[in-house]
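**Q** This is the structure I want to talk about, given as structure tokens.
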Amino acid sequence: MSSSYFRVTLHRSAIGLPERTRGVLAALGLRKRSQTVFHPVSPQFAGMIMKVKELVRVREVDTPLSPKELREERRPERGFWLEKPVPR
Amino acid sequence: MFGAFRFTNPLSGGLLWKIPWRLSRFQKTRQRRRLRAVDSVVATLDAALAKQGETLTALETWKESMPTEAEMLPKDKYTIFDRKEKRYRKGIHKLPKWTRVSQRLNPQDTRAQILGLEREESCSTGLLYSVGTRGTIEYRRGRISMEAKEGLPRRLGEFVQYCNSSFKLL
Numbered sequence: 170m171s172s173s174y175f176r177v178t179l180h181r182s183a184i185g186l187p188e189r190t191r192g193v194l195a196a197l198g199l200r201k202r203s204q205t206v207f208h209p210v211s212p213q214f215a216g217m218i219m220k221v222k223e224l225v226r227v228r229e230v231d232t233p234l235s236p237k238e239l240r241e242e243r244r245p246e247r248g249f250w251l252e253k254p255v256p257r
Numbered sequence: 017m018f019g020a021f022r023f024t025n026p027l028s029g030g031l032l033w034k035i036p037w038r039l040s041r042f043q044k045t046r047q048r049r050r051l052r053a054v055d056s057v058v059a060t061l062d063a064a065l066a067k068q069g070e071t072l073t074a075l076e077t078w079k080e081s082m083p084t085e086a087e088m089l090p091k092d093k094y095t096i097f098d099r100k101e102k103r104y105r106k107g108i109h110k111l112p113k114w115t116r117v118s119q120r121l122n123p124q125d126t127r128a129q130i131l132g133l134e135r136e137e138s139c140s141t142g143l144l145y146s147v148g149t150r151g152t153i154e155y156r157r158g159r160i161s162m163e164a165k166e167g168l169p170r171r172l173g174e175f176v177q178y179c180n181s182s183f184k185l186l
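If you're matching them up, the sequences are chains U and X in order.
Numbered according to this note's numbering, the first sequence spans residues 170 to 257.
Numbered according to this note's numbering, the second sequence spans residues 17 to 186.
Dropping the structure here:
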């Protein structure tokens, strides 16, 4: 069986929400908005996501991304591209 | 005249709240979007677990009891039951943290309960009707009885289609 992962992004802040809800976010490893974490697909993690479903965005992905790859994903386009490197 | 301590009606004492009694068009749009976002999270979880052959009680309960955004009535999307309110309804924006909590179910309509009906809905033509347990349909203006049939659709959307196709409204 191929393992897959939940890609969970905190979309709404939990400020002012009950301690239990914030505890679930802490357990998922979500500390601030638009932070993304990966967790294997299992009933345990699904239940935790279910508790905070109003606050997060979830996708199912095949492989988790490293922090570096996540950072690359967020990088805006450079606005130019090299057609041919200039010989020096 | 200007600034934080200006003399405005809400600030000059007394209880004067400037919270509109109903949602604006744009608030309603965002509310629907939030409802759909929650639906999509639930759908994602469900699909992912189903692939692994797992189940989750909380997920099953949710799917069983909670209507999706498309299935909900506008009444339930934008208002909430309140026993102290005139006509028993107030705007959902009066609910604390209303953008971050799931509030989809309300007590069943009393009129429908008194009549012993399952639910009371408005169909696309704007008339209110109720679906009885034995396949009777009652309109608010007058009553149309229909013979109980075996193949009567039980789901609301199908039922509305069925009604619109098989009745000529009086």
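Glycine included, every Cβ here is placed at the ideal spot set by N, Cα and C.
Please state whether DSSP places residue 257/U in a helix, a strand or coil.
**A** Coil, per DSSP.
**Q** For residue 219/U, which residues in chain X fall below 9 Å Cβ to Cβ?
**A** Simply 57, 58, 61, 72, 74, 75 and 78.
**Q** Does residue 77/X pass the burial test, meaning 16 or more other C-beta atoms within 10 Å, or should it be called exposed?
**A** Result: exposed.
**Q** What in chain U is Cβ-close to residue 110/X, meaning under 9 Å?
**A** The premise fails here: residue 110/X is roughly 16 Å from chain U at the closest Cβ pair, so nothing lies under 9 Å.
**Q** If I follow the unbroken beta strand (DSSP E) through residue 229/U, where does it start and stop?
**A** That run of the beta strand (DSSP E) goes 225-230.
**Q** Per DSSP, which residues does residue 144/U bridge with? Please list them.
**A** The requested residue 144/U is not part of the displayed model; chain U covers only 170 to 257.
**Q** Are the CB atoms of residue 61/X and residue 183/U within a distance shorter than 9 Å?
**A** Cβ atoms of residue 183/U and residue 61/X: not closer than 9 Å.
**Q** At the level of alpha carbons, what is the spacing between residue 227/U and residue 189/U?
**A** About 20 Å.
**Q** Report yes if the CB atom of residue 176/U is closer than 9 Å to the CB atom of residue 221/U, and no otherwise.
**A** No, the Cβ-Cβ distance between residue 176/U and residue 221/U is not below 9 Å.
**Q** Residue 117/X: which of 172/U, 233/U and 181/U sits nearest, CA to CA?
**A** Closest by alpha carbon: 181/U.
**Q** Quick check on residue 47/X - is its C-beta less than 9 Å from some C-beta in chain C?
**A** The chain inventory of the structure shown lacks chain C, comprising the protein chains U and X.
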